[in-house]
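For the sequence shown, the positions run -29 to -1, 1 to 483 when mature numbering (1 follows the signal peptide of the UniProt record, and there is no 0) is used.
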Amino acid sequence: MFTHSTRRWLAGLGVAGAFVAASATPAFAADDPFEVVAQDMLVAADHTGFAYVYATPTEPEKPHQFGRTTLDMDFSGIADFAVLEQPGEGWGWACETSGQTVHCETEFAEYDGPWLGIQVTGKHQATPGQKGELKFAVTSGGRTVKTSSTVTVAEGVDLQTEPEVNVGGAPGSRIGMPAVVHNGGETTSRGATLVLHTDYLSQYVGDFSNCRTTDMAGALCTFDEELAPGKTYRLSEELPFQVHEDARTGATLRGAGAWWTNDDWELVSRDWPQDGKPGNGSKLRLVEQTGAKSLAPQTDLDEQNNFTEISVRVTGDNPADLSAKGATGSGKVGDVVRVSPSFTNLGPALLEYQDGPLFRVSVPQGTTAVEVSGDCQPYISDDKWDPWNGNWGEPGAREYGCVASETPKGVHYPYEFALRIDEVIPGVTSPVAARLAGDPNKKNDHATIVVNPTDAGGDMGNGGDGGGDGDGGTLPITGESTALVAGIGGLLLAAGVGGYVVARRRRTRFVA
């Protein structure tokens, strides 16, 4: 199972099956206002597969507005060997089953569109090789578009791996990434595929002939060795990754890995980016790990035991010095003044994405926060901080905690607040602070917001050098590593990972 930290940043993507793959071929005619995409599935007897069906507009410049929408499903083509589980539940659809068809209805807000998770369970007597079509028809705005998903019965192979891998290295250094796989089922697995995706600050640099780098996956390796039931295998060599020279000492760079049967991966890879070339070196192999402690057996193929959380801890001596800057505002009772407290990364390291309350803002006495940066939520304590279910941008609190996207050296990161003046208190101040473990200069971490300053300049208590006007650079259009989020998101989406989605709050910011 995933650790608590992983569950926080891989949140709620629907119920999963181990035999799920995304062969998403859109169906639409040239004049259709939208297309319907349905994923193919592999299922095993007595186990559940998971896939998505969704619709998207075909004209991005003038997108179709779905509004009142119906979805009809015909499962007669799979009824001999599989069962379509109750669809719509938890997805906002109202569904009714009649015979071997299901009719669902819902209403979408502007720019929203149809999206539904589908679960199919193989019957006890299902035989590998059986297949059939699950048919879909989406109707919106008087137009109906149809498509289908192929459901195939496969042998049940339960690949398992360690839930966590923890490695570390200094900026610029190479580290070895271990990986093991255990066949917890009763059927020999004919090969396996390993997909590892890490933060761009720790990238695969190997040259194995059966591995390649991709934009969506740090390393993708295919193996043709047979994995016997009950046996555990390790890589013949650890996969080499390199820590970026700008990585911050003390940072933990997150990633994920997944083991697939080769048949599952063949289906998934139809829609996976095919960039990257195999290396020119020797072949990476799977070697039986004799005498190894077996992983906890999980015979239920729906258990997510083939995924690994990867943590790369950056060591060495490469800190990030954050310098806080306050703000001033003036007005009379009833006025709304805008202030933008901020921090600047003085380097030398890049500040990686921060999902905790990195920057704290207290609201001055006599004022009310009526507009709040979307990077901030009301702050009570670190223990009560929730980066996924927090009330981002909620007005009216007395103190706020704020997250930060990736911030290179020299970049200025502002948080905009609108304060309504309820009472004029000349020179009233409130603190702001940047809090980062390992910051080498605590003297410039604090500053103040001043409302109706009594002197001409208004002492904001700025945090030393670099905390001025932020001329050293503006925040790039980034959040947490785009490739990391997209890669793991695609990885887990294709797998239908139960209860998990990459929902880490990412922000695109434009700073004038």
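In this text, a Cβ means the ideal position worked out from N, Cα and C, and glycines have one as well.
Remark: C-beta atoms of Gln71 and Asp51 do not approach each other more closely than 8 Å. The three-state reading of DSSP puts Asn276 in coil, since its state is none of H, G, I, E or B. Looking at the DSSP output, Leu167 sits in a beta bridge with Ala190 and Gly228. By the C-beta density criterion, His95 is exposed, having fewer than 16 other C-beta atoms within 10 angstroms. Around the beta carbon of Arg219, 16 or more other beta carbons sit within 10 angstroms, so the residue counts as buried. Across the structure, Ala229 and Gly127 are spaced so that their CA atoms are roughly 17 Å apart. For Asp45, DSSP records a beta bridge to Thr72 and Lys106. Taking a contact as a CB-CB distance under 8 Å, the pair Val399 and Gln336 counts as one, their CB atoms being some 5 Å apart. Closest in C-alpha terms to Leu105, from the list Asp43, Asp288 and Thr158, comes Asp43. In this structure, Pro134 sits near Thr279, with a CB-CB distance shorter than 8 Å.
With distances taken between CA atoms, Val332 lies nearest to Ala405 out of His35, Ala405 and Val151.
For Gly250, the closest of Val258, Gly221, Glu196 and Ser180 by C-alpha to C-alpha distance is Ser180.
The Cβ atoms of Thr419 and Gly297 lie closer than 8 Å to each other. For the pair Val109 and Ile49, the CB atoms are not nearer than the 8 Å cut-off. By DSSP's assignment, Val307 forms a beta bridge with Arg391. Between Glu370 and Tyr386, the C-beta gap is not smaller than 8 Å, which leaves the two residues out of contact.
By a beta-carbon distance limit of 8 Å, Asp416 contacts Leu293. Their separation comes to about 7 Å.
Under the 8 Å Cβ criterion, the stretch 247 to 261 does not count as touching the stretch 357 to 377, having fewer than three qualifying pairs. Apart from the 5 residues on each side of it in sequence, Arg161 sits with its Cβ closer than 7 Å to the Cβ of Glu197 and Asn233 in its chain, given in chain order. When C-alpha distances from Gly302 are compared across Ala389, Lys414 and Leu167, the shortest belongs to Ala389. Our two residues, Val283 and Pro149, have alpha carbons roughly 12 Å apart in a direct line. Counting C-beta atoms within 10 angstroms of its own C-beta, Gln10 has 16 or more neighbours from the protein chains shown and is therefore classed as buried. The Cβ atoms of Thr40 and Pro85 sit closer than 8 Å to each other. Beta-bridge partners assigned by DSSP to Arg256: none are found. Put simply, the backbone Cα of Ser240 is about 29 Å away from that of Gln260. Boundaries of the alpha helix (DSSP H) around Leu238: Asn233 to Val239. If you draw a straight line from the Cα of Val310 to the Cα of Gly63, it is about 40 Å long. Taking 8 Å as the cut-off, the Cβ atoms of Arg145 and Pro58 do not count as close. Counting along the chain, no beta strand (DSSP E) covers Trp64, and no H or E run does either.
Relative to Thr27, the option among Glu76, Leu87 and Gly93 whose CA is nearest is Leu87. Bridge partners of Val91 according to DSSP: Gly20 and Leu55. The residue among Gly139, Leu317 and Pro34 with its C-alpha nearest the C-alpha of Ser173 is Gly139.
For the options Gly38, Met12, Pro142 and Leu167, the alpha carbon positioned closest to that of Leu191 is the one of Leu167. Short of 7 Å from the beta carbon of Leu329, and not among the five residues preceding or following it, lie these beta carbons of its own chain, in chain order: Cys373, Val374, Ala375, Ala405, Arg406 and Leu407.
Inclusion of Gln348 and Gly327 in the CB contact set at 8 Å is not warranted, their separation being larger than that value. Inter-residue distance for Val422 and Thr185 is about 51 Å (C-alpha atoms, whole angstroms).
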